[in-house]
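Visitor:
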Amino acid sequence: TQLLEQSPQFLSIQEGENLTVYCNSSSVFSSLQWYRQEPGEGPVLLVTVVTGGEVKKLKRLTFQFGDARKDSSLHITAAQPGDTGLYLCAVNNNDMRFGAGTRLTVKP
Amino acid sequence: EADIYQTPRYLVIGTGKKITLECSQTMGHDKMYWYQQDPGMELHLIHYSYGVNSTEKGDLSSESTVSRIRTEHFPLTLESARPSHTSQYLCASSEYIPAGELFFGEGSRLTVL
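Protein chains in written order, with this note's numbering: chain Z, 4 to 111; chain Y, -18 to 94.
Structural data, given as structure tokens:
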């Protein structure tokens, strides 16, 4: 069983559309991170959420940490082709564990 | 910009060869990690370290070894490479703090023939 379940696994949308991707677990975490990875590169941190119910905004990206600190969502408004990439959630569970990711493609 | 470097970036070798993938960081980070990732797929934790002389196994570690003799250096060794080892290997480091940001290298893409 995966520690972190991400959905959807794949998402292909048109430029300008909105989307939400999810990261779920049965475990409670003190914090959760979202990373974005482009082909041929390592993941880069987007945000860290630490408080249940917390909402953080990064330009067109909105991150939410669930009240019970078991899940998180990433919402992108008016997606652009530059948003294309692999979106990964991660938690520090003594080591650093990643979900399987959501592969997002935004078509012009 | 992250100061973490991996060499080689690309490597093609034959079955049975011994290889070492190098990873160095200049940020003074205590924690370092190795992940294996097939293209576009999830990251699997292979090994990690809390600091000098500390090494821990992850999920896919049984066929590789690591060492941490110096803070800045965390090499990964495959004693006998097999085609199933063909993959991308990503090294990362972070401060030893809760929710510390991981900084990744550009990866080493290994092909075993």
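The beta-carbon is built from N, C-alpha and C at its ideal position, and this holds for glycine as well.
Which of the residues in the stretch 25 to 38 of chain Z, read from start to end, lie with their CB under 9 Å from any CB of chain Y?
Guide: Ser33, Ser34, Leu35, Gln36 and Tyr38
Visitor: Would you say Glu37(Y) faces chain Z, with C-beta separation under 8 Å as the test?
Guide: yes
Visitor: Note the first and the last residue of the continuous beta strand (DSSP E) segment covering Gly88(Z).
Guide: Gly88 to Asn96
Visitor: Taking Cβ positions only, does Ala71(Z) come closer than 8 Å to chain Y?
Guide: no
Visitor: Check whether the Cβ of Phe68(Z) lies closer than 8 Å to any Cβ atom in chain Y.
Guide: no
Visitor: Output, in chain order, the set of chain Z residues within a Cβ distance shorter than 8 Å of Pro56(Y).
Guide: For Pro56(Y), there are no C-beta contacts with chain Z under 8 Å, since the nearest C-beta of that chain is about 17 Å from it.
Visitor: In the DSSP assignment, what residue or residues form a beta bridge with Glu3(Y)?
Guide: DSSP lists Thr(-12)(Y) as the bridge partner or partners of Glu3(Y).
Visitor: Residues in its own chain within less than 6 Å of Thr7(Y) by CB, not counting five upstream and five downstream?
Guide: Asp(-16)
Visitor: According to DSSP, which residues form a beta bridge with Arg90(Y)?
Guide: Tyr(-9)(Y) and Gln69(Y)
Visitor: Just checking my contact of Pro79(Y) with Asn95(Z) at CB under 8 Å: how many whole Å lie between their CB atoms?
Guide: The beta carbons of Pro79(Y) and Asn95(Z) sit about 7 Å from each other, so the pair counts as a contact at 8 Å.
Visitor: Strictly under 8 Å for the Cβ-Cβ distance: is Pro11(Z) near chain Y by that measure?
Guide: Taking Cβ atoms only, chain Y never reaches closer than 8 Å to Pro11(Z), which makes this a no.
Visitor: Where Ala73(Y) and Phe101(Z) are concerned, what is the direct C-alpha to C-alpha distance, given to the nearest angstrom?
Guide: 13 Å
Visitor: In terms of residue numbering, what span does the beta strand (DSSP E) encompassing Phe32(Z) cover?
Guide: Annotation for Phe32(Z): no beta strand (DSSP E) segment contains it, and DSSP assigns it neither H nor E.
Visitor: Taking DSSP's pairing of strands, which residues face Gln17(Y) in a bridge?
Guide: His25(Y) and Tyr70(Y)
Visitor: Take the Cβ of Thr158(Z) as the centre, count every other Cβ of all protein chains shown within 10 Å, and call the residue buried at 16 or more, exposed below.
Guide: What is shown of chain Z runs 4 to 111, which leaves residue 158(Z) out entirely.
Visitor: Around the C-beta of Phe32(Z), are 16 or more other C-beta atoms found within 10 angstroms, so that it is buried, or is it exposed?
Guide: Buried is the call here.
Visitor: What are the boundary residues of the beta strand (DSSP E) that Arg106(Z) is part of?
Guide: Thr105 to Lys110
Visitor: Measuring only the C-alpha atoms, how far is Glu20(Z) from Thr105(Z)?
Guide: 16 Å
Visitor: Taking Cβ-Cβ distances shorter than 7 Å, what residues in chain Y pair up with Val53(Z)?
Guide: By Cβ distance, chain Y contributes Ala80.
Visitor: Between Arg17(Y) and Ser68(Y), which are expected to be in contact by the criterion C-beta below 8 Å, what is the C-beta distance as a whole number of angstroms?
Guide: The sequence shown places Gln at residue 17(Y), rather than the Arg named in the question. The Cβ separation is near 5 Å, so the contact holds.
Visitor: Do you know offhand how far Ser30(Z)'s Cα is from Gly(-5)(Y)'s?
Guide: 42 Å
Visitor: Should the stretch 48 to 56 of chain Y be regarded as contacting the stretch 6 to 26 of chain Z, the criterion being three or more beta carbon pairs within less than 8 Å?
Guide: When C-beta atoms of the stretch 48 to 56 of chain Y are compared with those of the stretch 6 to 26 of chain Z, fewer than three pairs fall below 8 Å, so the two segments do not count as touching.
Visitor: Which partner residues does Thr51(Z) have in the DSSP bridge list?
Guide: Gln36(Z)
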